[in-house]
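Protein chains: 2
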Amino acid sequence: MDPRFEALADLAVHGANVQPGQVVAVAATTGQEEAARAVAHAAYRRGARFVDVTYFDPWVKRERVLNADPETLAYVPPWYGERALALGEMDAARISFSGVVSPEAFADLDPGLSGRDQLPWLKETSQLIADKSTNWCGIVCPHPAWATLVYPDLTEDEAYEHLWRDLSHVLRLDEPDPAAAWRTRAGELKRSARALTERRFDAIELRGPGTELRIGLFASGTWEAADFTTRFGVQHLPNLPTEEVFTTPDPMRVDGYVTSTKPLVLRGATIIRGLRVRFEGGRAVEIDADENAEALRSRAATDDGASRLGELALVDGHGRIGPLGTVFYDTLVDENAASHIALGFGFPFAVGDEDRDRVNKSGTHIDFMIGSPEVDVDGITRDGERVPVLRQGDWQI
Amino acid sequence: MDPRFEALADLAVHGANVQPGQVVAVAATTGQEEAARAVAHAAYRRGARFVDVTYFDPWVKRERVLNADPETLAYVPPWYGERALALGEMDAARISFSGVVSPEAFADLDPGLSGRDQLPWLKETSQLIADKSTNWCGIVCPHPAWATLVYPDLTEDEAYEHLWRDLSHVLRLDEPDPAAAWRTRAGELKRSARALTERRFDAIELRGPGTELRIGLFASGTWEAADFTTRFGVQHLPNLPTEEVFTTPDPMRVDGYVTSTKPLVLRGATIIRGLRVRFEGGRAVEIDADENAEALRSRAATDDGASRLGELALVDGHGRIGPLGTVFYDTLVDENAASHIALGFGFPFAVGDEDRDRVNKSGTHIDFMIGSPEVDVDGITRDGERVPVLRQGDWQI
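Below, the structure is given as structure tokens:
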């Protein structure tokens, strides 16, 4: 086994904070076997009771989209969701790998069709996240095909080495003690989150090339960062890497237009470039793009909340991803390079009890990047005062 | 895609007789992706509603056996069995691949430990089979590592080609119309099964080198072959290849000793050579072997029925497997080369209502080969008369 996967796996079980006796669900894609086996090793060494690795096969999904009755494409067998909820009921851990594996499996499919099949995403996963009923970690996983996509001018071997180097840096695996490095960065992010929470802004405004967007916040809203704690008390790092501070905005008060600053890669590898979205009264009323707008439109039409915001995240210029200037075509990495918003479900734990029922509900959650050094971020106070929040990637508060 | 996998997949969906609108569960092992994707293609083309491919990863199981608390090794998350039973409730189809993939994953493990973890086998699968609630097909799937095990003197490429040639022959994929060839062979097997059923033998005796075994039969017992029909009326070929006629014997009336005529490969790839079992009053009271007896002993100790017989199968010398003279180290192929018995659950559908409760119950089912041209098979009538059944592989009835 490539020892780099052992280091990645050690960080993954640290991120999820796997507890002795826990069942650990590992969500991998075919092609990520080496990482999955390394995580199984690391989790069993931490005392896991059972490591349940599932492999999603993009080529099987491709056969479905190409050959199944289009009317059946949204069907999900009941045991998928039942397993997810059972994980929550038994206080399990979850580790899932992000990263591109088989971009060619979906490249030539009709995005209107492939968007109907949201697997491996499950709407029940949003409930696990909202309920804080699993300690979990989504972590990036290098793959040669991903490397070729990110560094098309290099040979496959060179590209793969380059991807490992970049991702090791981004994951702080190039530090003598990656866990300690994450504690330090988590401290910084949580300080920013606290500062934003204390300001109690009524709204956030983003202004830059192609973007003029006002996003209303809940009066009881809080800003979160870096780590979560489950309802049974296990602190964990749900995303590695993570460079964001985020909240769940008011899904009824979003107005203006926004232009994405990075490509959006829908899980399943459909790449949406040049995305432009216009919001009215919280709803995404126009979705356009240079490529594959229809894939996002069909995702945004899956339920009522899929066309409203569930997340607003701000990313400063001091993380490790933005400075690389690289498009990774993977949401988990790219979303931590720049401020972003997400259509779909929000986070009930980021508001007080009085606003919990107003948090956006949806079976989906799609992040897309709208920040850059050229995008100014302001907070609007309840008195209508405008307070600079981010300028050229630097916190102003 | 290797077009041979397309032909194999076409035969698999024909064997399972996949119906339009069905959910199709495909059980594969990592390394069998090409076959799984080909089956997904073929099943969707037949109108499947959803093809649910699961990949069992032997290397993850290896990590468990090496690193988990031994006391937890029998644990199976509840959703495994719940999914199996849900397949039965929704009248689903099942296709599973047999064949060796990663023999080295278990070769050096303590068989007493690895035998505690029976995955990917599920006890609920025995209920699906007993209830005839799914139309299913277990089919062999070639793999280079399997080929190297079977033909150790050839190069990997030569061995793989040789395995494809042998298995194509055995699967009748070398016939212009494999489905028609299976209809013909199924007709022959069912004629032999009818002849055995009509004799209403009280017992079967096997005698040969190292074997002198008497197996009592149920008065209401029937002999089955080649195809099953689900409770909802779908005829299917549950095993491909199949060359056997079989019944479920009386689990209380088995006496004598038996020596296996081929190695037994437990799912998970532990190879048991030189197996010798002694029965008293139906129970396997002694299990010995030249190699890995402990793996079978621990399987036979999993529940009360695991040390009693659930199956007696007779194989004539006119199938396609026996004449090859090859040990395939895979039960689905090897069991169809020679007469065999199985410890574990029996088949309630092979007896009348009056004997149904007496059929052996167990969560396991382990076939091992006890027949050869040197083993004579006799039927014993209710009057104690001895009637030759098989001599040198030829039917005498």
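So the protein sequences, as listed, match chains A and X.
Here the first sequence is numbered in this note's numbering, starting from 8 and rising by one per residue.
Here the second sequence is numbered in this note's numbering, starting from 8 and rising by one per residue.
Glycine included, every Cβ here is placed at the ideal spot set by N, Cα and C.
Residue i and residue j: beta carbons closer than 8 Å?
| i | j | result |
| --- | --- | --- |
| residue 107 (chain A) | residue 336 (chain A) | yes |
| residue 139 (chain A) | residue 253 (chain A) | no |
| residue 101 (chain X) | residue 94 (chain X) | yes |
| residue 49 (chain A) | residue 17 (chain A) | yes |
| residue 177 (chain A) | residue 248 (chain A) | yes |
| residue 409 (chain X) | residue 22 (chain X) | Nothing can be reported for residue 409 (chain X), as the shown portion of chain X is limited to 8 through 404. |
| residue 43 (chain X) | residue 35 (chain X) | yes |
| residue 283 (chain X) | residue 266 (chain X) | yes |
| residue 352 (chain X) | residue 288 (chain X) | no |
| residue 399 (chain A) | residue 324 (chain A) | yes |
Would you please verify whether the beta carbon of residue i is less than 8 Å from any beta carbon of chain X?
| i | result |
| --- | --- |
| residue 362 (chain A) | no |
| residue 86 (chain A) | yes |
| residue 64 (chain A) | yes |
| residue 59 (chain A) | yes |
| residue 48 (chain A) | yes |
| residue 250 (chain A) | no |
| residue 43 (chain A) | yes |
| residue 67 (chain A) | yes |
| residue 79 (chain A) | yes |
| residue 37 (chain A) | yes |
How long is the line joining the alpha carbons of residue i and residue j, rounded to whole angstroms?
| i | j | result |
| --- | --- | --- |
| residue 19 (chain A) | residue 10 (chain A) | 14 Å |
| residue 333 (chain X) | residue 157 (chain X) | 8 Å |
| residue 366 (chain A) | residue 261 (chain A) | 13 Å |
| residue 361 (chain X) | residue 222 (chain X) | 19 Å |
| residue 374 (chain A) | residue 194 (chain X) | 59 Å |
| residue 370 (chain A) | residue 303 (chain A) | 14 Å |
| residue 53 (chain A) | residue 259 (chain A) | 44 Å |
| residue 389 (chain X) | residue 210 (chain X) | 8 Å |
| residue 196 (chain A) | residue 55 (chain A) | 30 Å |
| residue 60 (chain A) | residue 155 (chain X) | 28 Å |
| residue 321 (chain X) | residue 345 (chain X) | 7 Å |
| residue 300 (chain A) | residue 340 (chain A) | 21 Å |
| residue 347 (chain X) | residue 386 (chain X) | 15 Å |
| residue 381 (chain X) | residue 86 (chain X) | 46 Å |
| residue 268 (chain A) | residue 181 (chain X) | 57 Å |
| residue 27 (chain A) | residue 103 (chain A) | 19 Å |
| residue 117 (chain X) | residue 67 (chain X) | 16 Å |
| residue 206 (chain A) | residue 192 (chain A) | 22 Å |
| residue 41 (chain A) | residue 135 (chain X) | 33 Å |
| residue 124 (chain X) | residue 80 (chain X) | 5 Å |
| residue 12 (chain X) | residue 46 (chain X) | 8 Å |
| residue 383 (chain X) | residue 393 (chain X) | 12 Å |
| residue 232 (chain X) | residue 317 (chain X) | 15 Å |
Looking at the C-beta of residue i, does it have a partner C-beta in chain A at a distance below 8 Å?
| i | result |
| --- | --- |
| residue 74 (chain X) | yes |
| residue 56 (chain X) | yes |
| residue 20 (chain X) | no |
| residue 40 (chain X) | yes |
| residue 30 (chain X) | yes |
Using a Cβ cut-off of 9 Å, pull out every chain A residue sitting near residue i, in sequence order please.
| i | result |
| --- | --- |
| residue 93 (chain X) | 84, 85, 86, 89 |
Could you name the residues of chain A that residue i contacts, counting a contact when the two beta carbons are closer than 8 Å?
| i | result |
| --- | --- |
| residue 304 (chain X) | None at all; the shortest Cβ gap to chain A is about 24 Å. |
Using a Cβ cut-off of 7 Å, pull out every chain A residue sitting near residue i, in sequence order please.
| i | result |
| --- | --- |
| residue 51 (chain X) | 70, 71, 74, 75 |
Nearest chain C C-beta to residue i closer than 8 Å, yes or no?
| i | result |
| --- | --- |
| residue 48 (chain A) | Absent here is chain C; the protein component of the structure consists of chains A and X. |
What do you reckon, is the C-beta of residue i under 7 Å from a heavy atom of the ligand FMN?
| i | result |
| --- | --- |
| residue 149 (chain X) | Annotation note on the ligand FMN: not contained in the displayed structure, which lists no ligands. |
| field | Entirely enclosed alpha helix (DSSP H) segments - the segment 90–169 of chain A, minimum 4 residues | value | Counting only runs that start and end inside the segment 90–169 of chain A, the alpha helix (DSSP H) elements of at least 4 residues fall at 118–121, 130–138, 151–157.
| message | Just to confirm the assignment: which complete beta strand (DSSP E) runs, minimum length 3, are found wholly within the segment 170–216 of chain X? | response | 210–215
| Every unbroken beta strand (DSSP E) within the segment 226–312 of chain X, with a cutoff of 3 residues, ordered by chain | 251–254, 261–266, 271–273, 277–279, 283–287, 290–295
| said: For a minimum of 3 consecutive residues, which ranges assigned as the beta strand (DSSP E) are wholly contained in the segment 8–43 of chain A? | reply: 30–36
| Which whole runs of the beta strand (DSSP E) in the segment 375–403 of chain A are 3 residues long or more, in chain order? | Entirely contained in the segment 375–403 of chain A, the beta strand (DSSP E) runs reaching 3 residues are, in chain order, 383–387, 393–398.
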